[in-house]
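Encoded as structure tokens, the structure appears first; notes follow it.
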Amino acid sequence: MVEQILAMMVFRILGESIGFMSKTKFYGILEVGKNCFYRLLARPEMDWRILLLSMARRFHSIVRKEKAEETNAPKCYIIDDTTVSKTGLHFEGLSRVFDHVLGKCVLGYKLLILAFFDGRSTYTVDLSIHRESGKKGNYSLSREERSMQFHKERIEGKPDYERFKELDTKKSDNVVRMIERAYKGGIRATYALMDTWFVKAPLVCAVRKIGGGAVHVVGRLAMGKDRYAVGSRRYNVHELIALHEREAVVCRKYKCMYFEQRVMMGDTCVKIFFIRVGRNKNWDAIVTTDTHMKFVKAFEIYQIRWNIEVLIKECRQYLGLGSYQGTDFDEQIADCTLCLMTHMVLTLGQRFNEYEALGELFRATRREMFELTQWRRTLEIIKNLLNVLAVKLCINVANTMENLMQGTQAVSELEAILSVLSPSEAAVTR
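Following this note's numbering, the numbering of the sequence shown begins with 1079 at its first residue and continues without gaps.
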């Protein structure tokens, strides 16, 4: 199983599918057929979540062992979701989801990712796949479209059963469970960074309870109509801006104006920084549960959240995130996990090498993998050649290889032997 998982990570680096690699005999990497790989992807007992978390813990262990973790940057959880679009109706658990980039609904899933920033590198710790029920609760699909989807029975208590249940779980609830698992698993951060879609009172309060209040939230606040308590009164963000914008001061480092306000978000006391950049008349807001934090630190910590956007882009561009066409939901979970595990391996290589960008490392790794597979194919040709010689001339293959490694006289003798082979026999060696 381990060899198959490693092989699928190699296939992804090479940019080839399992089907294509099976036609090329896996370039001599493995002696198994493609069905072994597909069965592993759809295996109900396979706990891909534990595997991903174990990889993240191993990453952390290697960095600590090599003493490459010294940094003054804070350790952070980063939460974000992205759309995984599909082009057919046969995928299990499919729905129409709203793509904020395109501004419209598309067929596919929402991939929720929990990443960890250790001060230098960003890598994935956990993931889940979700669908959206729609206004009518029919996942924005007709009855005929829903009937076209792949379906299989799952046994309660097995990993695939739990992952399929997450399809209809609220993403905010799953974020809390993800952070709890990561924290208990030894991947611990001081801050949880999130965008406006997740910064809501129930989620913020739940995160603050993890580790006895060890994790603070830093996020961007939606400029909506939610109200926050200030003393005995409640205000929305627009009312707070109207009341306090004259108190704004200039931050020369980031060329913006800001003011701060402490409010109650549910049962949690938070500090909101209202920010206006340049001549822009619109205000933005960053919120943190660390009420002693200064504006510059809050601004710099929130900028770390951009790392997960880079991670997702790299996985799409180089590793084919979301491109797998298997209709089984278990295969979709497995494919996304393998993609993010491969990214983790490349990130570790980037950390201990001189590569400044992951793209450069990816191209170098792919080139090395091609060289390795070409060498294996060359060895196969040599093996065939020696087998022909063994049959034709009644020689011992092992002795011939030993003589070839000892000196050039044996090489000359081999060339003389090859010169007497007929063209048809020489073709066999090719």
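Glycine included, C-beta positions come from ideal geometry on N, C-alpha and C. Note that the coordinates shown come from a computational prediction; the quantities given were computed from them, not determined experimentally.
- Around the Cβ of GLN1381, a 10 Å sphere holds fewer than 16 other Cβ atoms; the residue is exposed.
- Straight through space, the alpha carbons of ARG1198 and VAL1295 are spaced by roughly 20 Å.
- For MET1256, the secondary structure class from DSSP, reduced to helix, strand or coil, is helix.
- Residue pairing of GLU1325 in beta bridges, as defined by DSSP: absent, with no partner found.
- At the C-beta level, MET1371 and LYS1349 come within 8 Å of one another.
- Look at ARG1298 here: in three-state DSSP terms it is strand.
- TYR1402 counts as buried, since no fewer than 16 other beta carbons sit within 10 angstroms of its beta carbon.
- Going by C-alpha positions, THR1367 is about 20 Å away from HIS1322.
- A distance below 8 Å separates the beta carbons of ALA1134 and MET1422.
- Here DSSP, grouped into helix, strand and coil, assigns ILE1207 to strand.
- Counting every other CB atom within 10 Å of its CB across the protein chains shown gives MET1124 a total of 16 or more, marking it as buried.
- In this structure, the straight-line span from the alpha carbon of LEU1190 to that of ARG1142 is close to 28 Å.
- Residue nearest to LYS1236 within the set TYR1201, GLU1338, ASP1196, ARG1121 is ARG1121 (criterion: CA-CA distance).
- Here LYS1262 is exposed: its Cβ has fewer than 16 other Cβ atoms, across all protein chains shown, within 10 Å.
- Beyond the five residues adjoining it in sequence on each side, CYS1114 comes within less than 8 Å, by CB distance, of GLN1082 in the same chain, given in chain order.
- The Cβ atoms of SER1250 and LYS1214 do not sit closer than 8 Å to each other.
- Going by beta carbons, ALA1363 and MET1301 fall inside the 8 Å limit.
- Residues LEU1119, ALA1120, GLU1170, PHE1228, LYS1230 of the same chain have their beta carbon placed closer than 8 Å to that of ASP1406, with the five preceding and five following residues left out of the count.
- Proximity to GLU1378 across PHE1430, GLY1404, PHE1351, TRP1361 peaks at PHE1351, based on C-alpha coordinates.
- Contact check for MET1256 against ASP1196 fails: the beta carbons are separated by 8 Å or more.
- Runs of alpha helix (DSSP H) with 4 or more residues, each lying fully within the stretch 1299-1363, are found at 1315-1322, listed in chain order.
- The DSSP-derived three-state label of LYS1243 is helix.
- Taking all protein chains in view, the Cβ of ALA1376 is crowded by 16 or more other Cβ atoms within 10 Å, so the residue is classified as buried.
- The beta carbons of PHE1089 and LEU1426 sit no closer together than 8 Å.
- According to DSSP, TYR1155 shares a beta bridge with PHE1194, ALA1270.
- Taking a C-beta distance under 8 Å as the contact criterion, PRO1152 and TYR1332 do not qualify as a contact pair.
- Note on geometry: alpha-carbon atoms of ILE1288 and GLU1240 lie some 22 Å from one another.
- Exposure of GLY1291 is indicated by the presence of fewer than 16 other C-beta atoms within 10 angstroms of its C-beta.
- Each residue's CA atom was taken as its position, placing THR1102 and ALA1267 some 44 Å apart.
- If you check the CB distance, LEU1397 and LEU1130 do not come in under 8 Å.
- DSSP, read as helix, strand or coil, puts LYS1143 in helix.
- Looking only at THR1420, ALA1320, VAL1110, LEU1299, the smallest Cα-Cα distance to ILE1390 is reached by THR1420.
- Distance check between PHE1242 and each of ILE1091, THR1165, ARG1209, GLY1309 places ARG1209 closest, using alpha-carbon atoms only.
- Annotation: VAL1423 is outside any beta strand (DSSP E); the continuous alpha helix (DSSP H) that includes it extends over 1407-1429.
- Counting only runs of 3+ residues, the beta strand (DSSP E) found wholly inside the stretch 1359-1398 occupies 1362-1366, in chain order.
- Taking ALA1320 as reference, the option from LYS1112, TRP1361, LYS1188, VAL1327 with the minimal CA-CA separation is TRP1361.
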